[in-house]
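Residues in the sequence shown are numbered from 1 upward in steps of one, following the UniProt record's numbering.
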Amino acid sequence: MKRRLSIVPKAFLFFFPLHLGAELIIAIGLLNKASGFYGILSIFTGHPLSVMEWILNILSLVTLPLYIMAFQTIHTRNALRMVLFAYLYTIDTLCSVGFSVYFCVHWFTEKAKVVAASGSESSSSGSGDVTTSAAASMATNASADVYRRDSAADSNAINKSASLPQETATTITITVVFLLVRLYFNLIILAYARQLVRQQNLRPHNGSNQSTLKGRVQYIALSIAQSFWTGSTWSSTSAALSSSSSSSSVSSSRRSNLDEATTRLNSDFDDVDDHQYTKE
1 MKRRLSIVPK AFLFFFPLHL GAELIIAIGL LNKASGFYGI LSIFTGHPLS
51 VMEWILNILS LVTLPLYIMA FQTIHTRNAL RMVLFAYLYT IDTLCSVGFS
101 VYFCVHWFTE KAKVVAASGS ESSSSGSGDV TTSAAASMAT NASADVYRRD
151 SAADSNAINK SASLPQETAT TITITVVFLL VRLYFNLIIL AYARQLVRQQ
201 NLRPHNGSNQ STLKGRVQYI ALSIAQSFWT GSTWSSTSAA LSSSSSSSSV
251 SSSRRSNLDE ATTRLNSDFD DVDDHQYTKE
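So this is what it looks like as structure tokens:
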């Protein structure tokens, strides 16, 4: 039987236990979410915030208490809470990818505008100064200094435009590396939550009453990708339920047959007693 390849890690950094990695990841997330408070305080220093920066900082403050609860869950080893935090961390990862792409594109656009504006200003100022220096060269020797200053301005603009691809490549590389690290952290959180679910034998139908809020949350959380969390599928669950129901139906039918046979036997005995009594 072939073993299925899984991208979910069995250990943190191949050597350390999953709970240690999850605890470290949640601690890093706590520091990251706490920075949203300082981001909002930056408006008092005169730094303007865009709409996307406001949304990012507010989301960080909203999810901060949930990260604190998740850090406590590491020590209590509550499987259901860890599963819910795994869903939250996955959504947060998707939001982080979206914000990273947006801010990178925004930075590239603004950087290109600045470089284009500086290049156009230097070229226009350079052409006018060259004409002035050409006219002034017949009267004074100061034209050489003016020409050197114009040449330096032109070379500075060229260096700025040439450094843009290098800065773009560096920024893209750093962003991709951080996003890959975030995706790996997400897999560690999912792996630790799944480990707790399987160690505690948690299923959608066991542990809590389905009529309570906790039971409904457990049913919904574990029913999504049930084969990932519990290792079993809906077909196996339904088969187990059908087999249990069929066995219960068979046992009930046997019990009913036994009851009917007993009733018949009792009626036969009563008939025999009545017949003997009439004979007497």
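Think of the CB as a built atom: it goes at the ideal place given N, C-alpha and C, for glycine as much as any other residue.
Quantities reported herein were computed from a predicted structural model and do not represent experimental measurements.
A check of alpha carbon separations from A79 across N206, I7, L30, L180 identifies N206 as the nearest.
Under the Cβ criterion (8 Å, minimum of three pairs), the segment 30–41 counts as touching the segment 60–74. Look at the segment 3–67 and you find these whole runs of alpha helix (DSSP H), each 4 residues long or longer: 18–41. Excluding the 5 residues flanking it on each side, Q210 has same chain C-beta neighbours closer than 7 Å at R216, Y219, in chain order. A Cβ-Cβ separation of about 5 Å places I189 in contact with Y89 under the 8 Å criterion. The DSSP-derived three-state label of N186 is helix.
Taking C-beta atoms as the reference points, T73 and N186 fail to come closer than 9 Å.
Taken atom to atom, the span from the alpha-carbon of A225 to that of Y102 is near 30 Å. Taking each of T171, I40, A193 in turn and checking the Cα distance to I55, the smallest one comes out for I40.
Apart from sequence neighbours up to five positions away, the residues of its chain that approach L179 with a beta-carbon distance below 7 Å are V97, S100, ordered along the chain. When the five nearest sequence neighbours on each side are left out, the beta carbons in the same chain lying within less than 7 Å of the beta carbon of F108 are those of T168, in order along the chain. Cβ atoms of C104 and T175 come within 8 Å of each other, at about 6 Å.
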